[in-house]
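Note sheet for the following structure.
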Amino acid sequence: MSETSLRQVEPLVDAHVCMVIYRMREEMGERVVADIFKWWLFIATISVGELSFGQSFMMLELGKSPPFFRKAYQAGQRIVNYAQQSFQRYKSLVAVAAADISSNDGSTQTNPPKITFITKLLNAK
């Protein structure tokens with residue numbers, strides 16, 4: 004954004020900052036502490052949303068994320084869980100292959116794991 008563009012959106016961002024400070028004070032009155040991470044995540048998200056799409060996600064006013072944000076977060080968590088499970092499965096295959104090689108009993112694994120950059124990471128010392 005140019006300096007001129009930034010000057011045009013400054014009042015909008017300033018209003019968001021004032022609202023966040025107000026809501027944090029409000030939360031501190033109720034809970035004695037404020038979840039600063041939550042509020043600054045909200046201000047960043049709504050500022051980008053309003054500057055990109057022309058409307059707020061109402062996170063500051065409601066004090067919580069809209070349902071579609073929670074659903075997107077949950078989908079991301081499922082992807083992380085799947086990735087962790089896949090990594091553990093592959094790690095087990097590599098460990099079995101290494102045990103077969105080190106046993107020197109003449110037997111060989113029928114389907115050794117495909118060598119990937121992750122294999123090299125697992126075998127790095």
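Under our numbering, the first residue of the sequence shown is numbered 4, with each subsequent residue one higher.
Even glycine gets a Cβ: it sits at the ideal position worked out from N, Cα and C.
Quick caveat: nothing in here was measured; it's all calculated off a predicted structure.
(1) Would you list, in sequence order, the uninterrupted alpha helix (DSSP H) runs of no fewer than 4 residues that lie entirely inside the region 28–114?
(2) Could you check if W42 is buried or exposed, using at least 16 other CB atoms within 10 Å of its CB as the buried criterion?
(3) Go ahead and pull the three-state DSSP assignment for T119.
(4) Select from T7, E64, L124, F40 the residue whose C-alpha is nearest the C-alpha of A18.
(5) May I ask you to verify whether the region 87–96 touches the region 57–76, counting CB pairs closer than 8 Å and requiring at least 3?
(6) If you measure between the beta carbons of F40 and S68, is that distance less than 9 Å?
(7) Could you name the residues of the same chain whose beta carbon sits closer than 8 Å to that of M4, not counting the 5 residues immediately before and after it, in chain order?
(8) Can you find at least 3 beta carbon pairs, one from the region 44–59 and one from the region 78–92, that sit closer than 8 Å?
(9) Helix, strand or coil, according to DSSP, for S131 in the structure here?
Reading from the atomic positions:
(1) 39–56, 62–65, 70–106
(2) Numbered from its first residue, the sequence shown carries residue 42 at position 39. Counting Cβ neighbours within 10 Å, W42 comes out buried, since at least 16 surround it.
(3) Within the sequence shown, residue 119 is the residue found at index 116, counting from 1. Three-state DSSP puts T119 in coil, outside helix and strand.
(4) Here residue 18 refers to the residue found at position 15 of the sequence shown. Closest by alpha carbon: E64.
(5) no
(6) One-based indexing of the sequence shown puts residue 40 at position 37. One-based indexing of the sequence shown puts residue 68 at position 65. In this structure, S68 does not lie closer than 9 Å to F40 by Cβ.
(7) The count along the sequence shown starts at 1 and reaches residue 4 at position 1. Closer than 8 Å at Cβ, skipping near neighbours: V12.
(8) By the Cβ rule, the region 44–59 does not count as touching the region 78–92, because fewer than three pairs are nearer than 8 Å.
(9) No answer is possible for residue 131: the residues shown for the chain start at 4 and end at 128.
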